[in-house]
Each structure stands twice: as C-alpha cells, then as structure tokens.
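A.B. asks:
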Amino acid sequence: SGAALVSALEFKHRLRICNAYPYAAAMDVYRGIDRLTGDSPMPYKKCKDFETPLKPQDKLEFKVGDANAGTFTVSDLPNNDAVLLLVIHRHDTLSTAVSFESHVFANLLNAQVAIIDTYKGAARATPRIMDAEESNKKSSRSEELRYNSVVALNPGVYEVELMGQDGEAKSKNKLVALNRESYVVLRTGVEAQQGPSYEQELRSEEHTSELQSRSRSR
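Each residue of the sequence shown is one higher than the one before, starting from 1 at the first, in the working numbering.
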C-alpha cells in the first residue's frame, strides 16, 4: 500500500497570553506580520487563548498602537499537548519597561492553577483560596497560595482573595475548577514613581477551549 509507515506526531500547543501591563490602551500581539489579536486588542487584566501553531524561536511582539512594548522568544516546546502561558507585566515602578513570565502547563487530569505576582510596589498581600460555599462563614478554612507556583485543585467552585497585611481582603474572585483545564491567578497593579498608579488586584482567569466553543455556539 502507499500509506506511509511513519508519520510525524503533531502536538497541540495552545498559547494563553495575559496582559498584566498597567496601561490605559489595549495591547496587540503579533507573530511576524500576523496579528494574533485581530481586530480586538487585549485590554489590561485580560487573558486570551490563541489556537496558533508555535515553533521554537518564534518571536511574539507586543505593541500598543505602532509602538513596540516588548518581544518574547519561544524556547523549546514540550513533546506533548500543552498550554503555554505568557504574562506581560511592568518590570519595575520607575520605567515603562516590560518583563515576561512564562509557564508550560502539562497535560494532567487535575485542574491546574498558576499563581503569578506581577504587582510592582511596596504593598504586601497574600493570595488565599477557600471553598466558595464556606467563604461567608467565620470559621471557613482557607489556604495560602504561594506566588510563582502551580497547584492542582479538585474540581469545584472556589473563592480566591488577596489578603492585605491589615487582615482585610483587597480583592476577591470566583474560580470554577474543571478537570484537565488550566487557570491563572494574577496579582496586578503598580505603585508608579512616574505616571499613573494602578491598585493591586487579584484576577482569576479560566479560558478553556471548552468554554470558548460553548460561547461561540450560543
């Protein structure tokens, strides 16, 4: 028969980008001349999934209007289906330079949550997670989430909050965890030494292919 005995395995690499760069204008993402964000640039504090085939050494350019905000070069990609998370944020409180955080979510059965701190400033706050049903009870059990870590969660509805040093919650978000999906919890904001400051907030984003296909079919 004419069928090939050996065929190349094509792994599905999904790109998830989070814009944690505090700025009034939304941001576009390009790969070469291809504008991944199309006609809808990404506003501050938003994450978006892109079904785009990635190759090592691909360059992703971030632009505000015609101005180049920063460039990220894709390094080696895993030999399995995976989600590449890329977060753009402020490098410091003084300049407008950018930094990137990246993480590759493995293909696991559990729900996975990456906790990333992009806040720049003197304020200190700790992210915590609890069962949503228990969150209004005084004796509710909550667990601390470590910044720049990835944790596995059982499926369920959770509340994540940013607890300040004064013991008050600065920001709250709901997180609905589904098996085999990946999520990101972001602490955003900047205490700028020049230009406008943005308050610290906690954002939980859950962009999944399943959720997107459901919203498209409505």
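Every residue, glycine too, gets a C-beta built ideally from N, C-alpha and C.
Should V83 be labelled buried (16 or more other beta-carbon atoms within 10 Å of its own) or exposed?
C.D. replies: For the purposes of this step, residue 83 is taken as residue 83 along the sequence shown, with counting starting at 1. Classification for V83: buried.
A.B. asks: Of the choices C47, A25, I33 and Y183, whose alpha-carbon is the least far from that of L60?
C.D. replies: Position 60 of the sequence shown, counted from the start, is the residue given in the question as residue 60. Cα-wise, what sits closest to L60 is I33.
A.B. asks: Drop a sphere of 10 angstroms on the beta-carbon of S213, count the other beta-carbons inside from all chains shown, and report buried for 16 or more, exposed for fewer.
C.D. replies: What you label residue 213 is simply residue 213 of the sequence shown in a count that begins at 1. With a pLDDT of 34 at S213, under the threshold of 50, the modelled position of that residue is not reliable, and the figure given next carries that caveat. It counts as exposed.
A.B. asks: Sort I88, G121, E161 and K48 by Cα distance to E144 and report the nearest one.
C.D. replies: By one-based count along the sequence shown, residue 144 stands at place 144. Of I88, G121, E161 and K48, the residue nearest in Cα terms is E161.
A.B. asks: How many whole angstroms separate the CB atoms of Y225 and E206, which I take to be in contact at a CB cut-off of 8 Å?
C.D. replies: No information on residue 225 is available, as it lies outside the stretch 1 to 218 that the chain covers here.
A.B. asks: Could you please give the first and the last residue of the uninterrupted beta strand (DSSP E) stretch that includes A219?
C.D. replies: The first residue shown for the chain is 1 and the last is 218, placing residue 219 beyond what the model contains.
A.B. asks: Would you call L15 buried or exposed, if buried means 16 or more other Cβ atoms sit within 10 Å of its Cβ?
C.D. replies: Numbered from its first residue, the sequence shown carries residue 15 at position 15. Classification of L15: buried, given that the 10 Å Cβ count is 16 or more.
A.B. asks: Taking 8 Å as the threshold (C-beta atoms), are Y23 and V64 in contact?
C.D. replies: Looking up residue 64 in the sequence shown gives position 64. Looking up residue 23 in the sequence shown gives position 23. Yes, the Cβ-Cβ distance between V64 and Y23 is below 8 Å.
A.B. asks: Using CA coordinates, which residue listed in K170, A69 and E181 is at the minimum distance from A152?
C.D. replies: For the purposes of this step, residue 152 is identified with residue 152 of the sequence shown, where counting begins at 1. For the residues K170, A69 and E181, the minimum Cα distance to A152 belongs to E181.
A.B. asks: Could you tell me whether any non-hydrogen atom of the ligand FMN is closer than 7 Å to the CB of L77?
C.D. replies: Among the components modelled here there is no ligand, and therefore nothing to report on the ligand FMN.
A.B. asks: Check this for me: beta carbons of S149 and I129, under 8 Å apart or not?
C.D. replies: Looking up residue 149 in the sequence shown gives position 149. Looking up residue 129 in the sequence shown gives position 129. Not in contact: S149 and I129 (Cβ atoms no closer than 8 Å).
A.B. asks: Examine the Cβ distances between the segment 93 to 101 and the segment 186 to 198 and report whether three or more of them are shorter than 8 Å.
C.D. replies: Yes, the segment 93 to 101 touches the segment 186 to 198.
A.B. asks: Count the other CB atoms within 10 Å of the CB of G38; is the residue buried (16 or more) or exposed (fewer)?
C.D. replies: Along the sequence shown, read from residue 1 onward, the residue named residue 38 stands at position 38. So G38 counts as exposed.
A.B. asks: Would you report the Cα separation of A111 and A69, rounded to the nearest angstrom?
C.D. replies: On the sequence shown, position 111 is the one that residue 111 refers to. On the sequence shown, position 69 is the one that residue 69 refers to. The straight-line gap from Cα to Cα measures roughly 32 Å.
A.B. asks: Helix, strand or coil, according to DSSP, for E134 in the structure here?
C.D. replies: By one-based count along the sequence shown, residue 134 stands at place 134. Three-state result, E134: helix.
A.B. asks: Evaluate V157 with the Cβ neighbour count: other Cβ atoms within 10 Å of its Cβ, from every protein chain shown; 16 or more gives buried, anything less gives exposed.
C.D. replies: Sequence index remark: in the sequence shown, residue 157 carries index 157 (1-based). V157 is exposed by the Cβ-count criterion.
A.B. asks: Suppose the cutoff is 7 Å on Cβ atoms and the five residues either side in sequence are ignored; what does the same chain contact list for R227 look like?
C.D. replies: Given a span of 1 to 218 for the chain in the structure shown, any question on residue 227 remains unanswerable.
A.B. asks: Assign T71 to one of three DSSP states: helix, strand, or coil.
C.D. replies: Your numbering for residue 71 matches position 71 in the sequence shown. Strand, per DSSP.
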